[in-house]
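The block underneath contains the structure these notes are about, expressed in structure tokens.
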Amino acid sequence: MCHGLRSLFFRVFLGFWICAASVATAQATQRSMSVGFYPLWENTGYLEPHRSLYVGTNGAAFGWHEQAQFGVQPVLFFYRTPNFQLKYQLPEWGAWSTSVQAGAYYLLEMASRAVLSPMYSARIDNPDYRVFLFPVGLSASRAVSDGIIIHQTLTALGLVSSGALQDRITLGYSAVAEFLATDHHALLVHLGEVGFWSHDHFMVGASYRWLGENFEARLGYFYRVMSDSAQAAPLIALGYHL
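Its first residue numbered 30, the sequence shown is counted upward by one per residue in my numbering.
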């Protein structure tokens, strides 16, 4: 079953590129997303406008001079994980808006066992030692029609451990198709692969995004499939644009 689902993932991946290359660019009607929904691996090529602040459960971000964005994931502090992200706008690549983001996550002892809400069971267990995560990602976003936006992110996640875990770098790719129904409603389809030739897991999910004048809500359900098991979990995010 896993082999079949992975084949489907790569077919959809190829379809994203073909669609993005063949359909004309159009202006999106909703406020562009500057913060991804699925932790660590998802992002977008867009930044918050100058001196604009987005505060949400999935991330808080502050834009500076249309060129840089500073952010944190607030909920992770409750999971004993101080963190910080810096996102930088790159020159446009054709019709793609591109950005690069670097982050730092400091997992204190027992961070993987902290419980705040229903989540996936942790892939990292650090009962008595600390772990540093350093993700670096390249993101690209493009509106391919009046109602469809494609977001893609390629991430290299570095791990440095003071304990039993082996230091390593893991590659991951995510693709999100955002279908804009109206100015306030959108349906998103999410796909992701983590590990590539050293396969760890792949992800598939769907989510709904509602956007008011300033308030935003996202609700989704995601499956994470490993070689020997699978997990499913809902994700909820609430945010406010200032």
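Note that CB positions come from ideal geometry on N, CA and C, so glycine has one too.
Predicted, not measured: the structure shown is a model, and the values here were computed from it.
Inspect the beta-carbon positions of F91 and F113 and report whether they are closer than 9 angstroms. Going by beta carbons, F91 and F113 fall outside the 9 angstroms limit.
Coil, strand or helix - A140 by DSSP: Note: A140 maps to helix in three-state DSSP.
Would you report the Cα separation of A204 and G192, rounded to the nearest angstrom? Distance between the alpha carbons of A204 and G192: 33 angstroms.
Quick one: Cα of S170 to Cα of P156, how far? So the two alpha carbons sit approximately 38 angstroms from each other.
Give the DSSP-derived three-state secondary structure of F231 in the structure shown. Reduced to three states, the DSSP call for F231 is strand.
CB-CB under 7 angstroms to A246, same chain, minus the five flanking residues each way: which ones, in chain order? Excluding sequence neighbours, A246 sits near W239, L267.
Assuming T211 contacts E71 (C-beta within less than 8 angstroms), just tell me the rounded distance between them. Your pair T211 and E71 does not check out as a contact, with CB atoms roughly 23 angstroms apart and the cut at 8 angstroms.
So, for S81: in the same chain, excluding its five sequence neighbours on each side, which residues have a beta-carbon less than 8 angstroms away from its beta-carbon? When the five nearest sequence neighbours on each side are left out, the beta carbons in the same chain lying within less than 8 angstroms of the beta carbon of S81 are those of F91, G92, H270, L271, in order along the chain.
Tell whether a beta-carbon distance below 9 angstroms holds between Y135 and T110. Yes, these two residues count as a Cβ contact at 9 angstroms.
Would you mind giving the Cβ-Cβ distance between Y252 and G241, rounded to the nearest angstrom? I have them listed as a contact below 8 angstroms. Incorrect: roughly 29 angstroms between the Cβ atoms, too far for contact.
For M62, collect the residues of the same chain with a Cβ closer than 6 angstroms to its Cβ; drop the 5 residues on either side in sequence, then sort them by chain order. For M62, where only same-chain residues beyond five positions count, the Cβ hits under 6 angstroms are T73.
Can you find the residues in the same chain that come closer than 8 angstroms, C-beta to C-beta, to Y250, ignoring five residues on each side of it along the sequence? So the list reads G234, A235, S236, A261, A262, P263, L264, once near-sequence residues are dropped.
Take M232 as the anchor and find which of T199, V218, F244 has the nearest alpha-carbon. Among T199, V218, F244, the Cα nearest to that of M232 is on V218.
For A97, which residues in the same chain have their Cβ closer than 8 angstroms to its Cβ, ignoring the five residues on either side in sequence? Correct list, in chain order: L76, L115, K116, Y117, Q118.
Among residues of its own chain, excluding the 5 on either side of V165, which ones have a beta-carbon nearer than 6 angstroms to its beta-carbon? Answer for V165: A131, A185, listed in chain order.
Cα-Cα separation between E207 and I153, rounded to whole angstroms: Taking the straight line joining both Cα atoms gives about 30 angstroms.
Please work out which residues of its chain come closer than 6 angstroms, Cβ to Cβ, to L105, disregarding the five sequence neighbours upstream and downstream, and give them in chain order. Within the same chain, L105 has close Cβ partners N112.
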